[in-house]
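Chains as they are written, first to last, in UniProt numbering: chain B, 1 to 561; chain V, 1 to 561.
Idealized CB from N, CA, C, for every residue including glycine.
Only one structure is covered here, and it is reproduced in the block below.
Structure follows, in structure tokens:
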């Protein structure tokens, strides 16, 4: 029997997540297709998400990072992989590409029926004097990690500067600390992990500093200088000066679009390749997948460049489907992301508050800080969870979570709910795993849903900490006096929940908005209900004093008290 | 201002999860209501899920288990709690209950506008001779745990028999082992954790035995005898005889319905109180919540008695809402459950295969065994995941998972998808957290969705291990020869994936069904695609040789080879 499926010739440029997935999927749909995968590097299908852990030997060898070799592609999938082969240009009219063999220097043309661009993203390199100095590295490929490892070994590196507090920057910081290297982390924003809102990060900043890292926020590198001893000096715009033996750049990536430009295909406003929901570019014979593309955010409808492995893999499969005549479409991205560092986890899905504000989208939010499992079993770790939703219908818009345990689970639950158009009412009713080690009869996700639903229903409208939220209101702290004494919001009156009912008539002014808070929001909720049922116009500060502290540390409140 | 809300008198019988939630919620809706909570025990609102961990001192004191005292109910919620007060009977016509103060012996009547029955469930006590012997305990209340602790201390207990391999039985087994007590675990079924299907359990059975527990499955206790030295002898129907110093009964619970019967309200076929979706019983003034009730399973539509804390709490709130004139309804249960033991986790949601078979519901299934995170980072632990779905539209029907890490997360993700009517196609596209420590670019949930979707689309139809699934077929093992040598299914032919294409024409018979398997299903999938595209009628064994081993160990296959 002859092998079946569409007889077509598919060239794929770039052999990591999206490109490799596309190649393998194409073969699974057609045995008759000719499939060639080009990569200018020496490896395909490697796990670049593991590179920071390779630098520190947490991952013991390069082989572990290589998910499939060219031989395996040949043996398992009958796919021809040409490594160290750079595709130089595309002739979209005549449908061929120009390829250079980087080993021999030979150049040749290769024709295609369908071309898939999966060139990925490249580290951003801002025009900083000295950026090309020896000892300054980005980390995107296996050779990058090898150069870094060699430099560390040869120079007996004990001090490092990491520029950028995103995923790579944080993971490199952690791995350096793990290696006993002293780190200065410089980030241009006033927070690490830009996908989250500022008030979610103070505890992460504290943890980073507790582990001995010098954290330099809201400052950018202005100059790098090499010393005679091969050491490096980094100067910042803020006038700081740091010495180190190595500098890692982790300030983000840009989509690689040179080839797309040579093919004359359309780019989007964010500079990535514009693709439709079939992953097809403006040229009908050219597809594109992965980090080089702009993809539609399902919450905001905006196009964004979002370098994430999961969506890249999905796009690879969808491009292959459509090339082979199957109809399948990409539902867009919801920006689920996660980073683990120093025994903490930072994760998010959907839109953040900054984005919703920028787009002037309707939203409300809840803050809560439950334990990752029931408090009665030893070892419960608090998490800070923020959920954003549409206050009209409760539709979930996004969530952020920071903590030591169970963070990924809660974001994945909410991610799944968002995917299905879920609401805070769905979270309220979610039936999640409960045994003492794993959660609570009211899981943090249930609690988030309840708090939001109580607000939407008008039972316990929420207040939020911001510069003027508690002016002209009666600010009521319902914690016990001892808690109040240990710290409170300036101007707050302390009437504990336990004596609220008796004090209500004499100590709480009628006809004035009452803003209630407690430690994390629960007693404030009970107090708010009692007050509202007694005719007071009360609202409850979401997240209570803990949220206040987080907002204040993030610099989002007046530096009062 | 006078306190607002509905002026009604609510009596609640039973003060644990459902009853306590109902009381607190009722107060939050009405400050004007009179709310009295009765419990015949000495405690309300205690965490009975924590009791096994209290026995072993993992939870250090009783106080930790008490979530709210009568004083706190009074102070925070203005709710009157009457402990040690047994409600003896209900006069539903005249709307009052008869109460006995168990301390004084006094009896009195208390009238109500609305009555909520939350009496919970009681341990099953089958008619076994000697069941009342000193040293035989159930574990449902704080006093139960105190009796057990005292007995252990006084008798210097070193040997125990646990009867029943459900949640309580397994948790008690683990806690006994933690205390250095040697355990025999006797279970009537051929598996522990009845909510899961049999093939999911062999690795759990092995783990239990590895930790030194004598596991006696498929046998039941016929007789218990006390020895002169206060030791106990347990005899089984299978003719076994075990000595021990303590016996714990964990063979399940029955809904407590004596009071419901005295009120003349309707019970369901399973013996629980029948309630509607407002948690109202057949008497318009009587509501019921929690373990005493039958609730509707949202997958099967069947009514079931399911003692779970989460649904009990939800019902408590819903009953309170409706009593207070709010319309809210209970969506039913989906039977999400979890148990941790010996560093393993066993969890499930939705319907299992046994139930789907019994109800003759249409379903298909996938088995897979991915790591809890990427394999390239050290420490990945395999999990066995089973997902059940409707093969016509892909609708998710249930999931089961067993492993060491990340099990609760996957079940919660699928639980959330089920709640929203999700399909295997949704799982395929789910955008979940991925960094090396937390999952994979293709999370186990994504993989489950892909395998099922590939089967539904006809790309790679699945085969399943059962007694006759591989008769009259060409059974093809596509693993490498060395793997084949270490163990394979009797009658299988070994042609590894790497040489499949060259061997296809000469070694594989045309016109005969080809059943393919590999280690866990992935290479089998690639082989199945290649075969089908070349005209063969191939199917892939879901879960591969690992699933075969699990089925065989569970006794579901002929004891071949």
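Counting only Cβ-Cβ distances below 7 Å, residue 309 of chain V has contacts in chain B at 434 and 441, in chain order.
Residue 195 of chain V and residue 335 of chain V do touch by the CB rule: their CB atoms are close to 7 Å apart, below 8 Å. The beta carbon of residue 145 of chain V lies closer than 7 Å to those of 51, 54, 55 and 139 in the same chain, with the five residues before and after it left out.
When Cβ pairs closer than 8 Å are counted between the two stretches, the segment 212 to 219 of chain V is seen to touch the segment 185 to 195 of chain V, the count reaching three or more. For residue 110 of chain V, the enclosing beta strand (DSSP E) starts and ends at 107 to 111.
Counted as a single uninterrupted DSSP element, the alpha helix (DSSP H) harbouring residue 208 of chain V occupies residues 202 to 210. Per DSSP, the unbroken alpha helix (DSSP H) holding residue 354 of chain B starts and ends at 353 to 358.
At a C-beta separation below 7 Å, residue 409 of chain B has these neighbours in chain V: 408, 409 and 412. Pairing residue 554 of chain V with residue 199 of chain V, the inter-Cα distance amounts to about 5 Å. Between the C-alpha atoms of residue 494 of chain B and residue 507 of chain B there is a straight-line separation of about 10 Å. For the segment 417 to 429 of chain V, the set of residues with a beta-carbon nearer than 8 Å to any beta-carbon of chain B comprises 417, 419, 420, 421, 422, 426 and 429, in chain order. For residue 429 of chain V, the enclosing alpha helix (DSSP H) starts and ends at 424 to 429.
Distance from the Cα of residue 298 of chain B is smallest, within the candidate group B:356, B:338, B:342 and B:288, for B:356. Between the segment 344 to 355 of chain V and the segment 388 to 400 of chain V there are three or more C-beta pairs closer than 8 Å, enough to call the two in contact. The criterion of a C-beta distance shorter than 8 Å is satisfied by residue 476 of chain B and residue 514 of chain B. As far as DSSP is concerned, residue 74 of chain V takes part in no beta bridge. Listed in chain order, the beta strand (DSSP E) elements of length 3 or more contained wholly in the segment 112 to 176 of chain V are 114 to 117, 121 to 123, 136 to 138 and 159 to 163.
Residue 453 of chain V and residue 387 of chain V have their C-alpha atoms roughly 12 Å apart.
When DSSP reads this structure, residue 477 of chain V sits in a beta bridge with V:494 and V:517. Taking 7 Å as the cut-off between beta carbons, the residues of the segment 321 to 343 of chain V near chain B are 331, 333, 334, 336, 338, 339 and 340, in sequence order. Residue contact check for residue 389 of chain B against chain V: no CB pair falls below 8 Å.
Under the Cβ criterion of 8 Å, residue 59 of chain B is counted among the residues facing chain V. Counting only the Cα atoms, residue 313 of chain B lies some 6 Å from residue 17 of chain B.
Taken in chain order, the unbroken stretches of beta strand (DSSP E) that lie wholly in the segment 306 to 394 of chain B and span 3 residues or more are 337 to 341, 344 to 350, 364 to 368 and 383 to 389. Looking at the DSSP output, residue 540 of chain V sits in a beta bridge with V:462 and V:516. Between residue 108 of chain V and residue 9 of chain V a beta carbon distance of about 15 Å is seen, past the 8 Å cut, so the two are scored as non-contacting. Note that the segment 365 to 382 of chain B touches the segment 427 to 442 of chain B; at least 3 beta-carbon pairs, one per stretch, sit closer than 8 Å.
By DSSP's assignment, residue 253 of chain B forms a beta bridge with B:123. Contact of residue 376 of chain B with chain V by beta-carbon distance below 8 Å involves 47, 50, 59, 64, 65 and 67. Interface annotation, residue 486 of chain V: not in contact with chain B, CB-CB separation never under 8 Å. In this structure, residue 540 of chain B sits away from residue 520 of chain B, with a CB-CB distance that is not shorter than 8 Å. Against chain V, the CB of residue 517 of chain B has no partner CB under 8 Å away; the residue lies outside that interface.
Your pair residue 413 of chain V and residue 412 of chain B checks out as a contact, with CB atoms roughly 5 Å apart and the cut at 8 Å. Straight-line spacing of the CA atoms in residue 455 of chain V and residue 93 of chain B works out to 39 Å.
Remark: fewer than three beta-carbon pairs, one from each stretch, lie closer than 8 Å, so the segment 255 to 262 of chain B and the segment 228 to 243 of chain B are not flagged as touching. For residue 48 of chain B, the three-state secondary structure derived from DSSP is helix.
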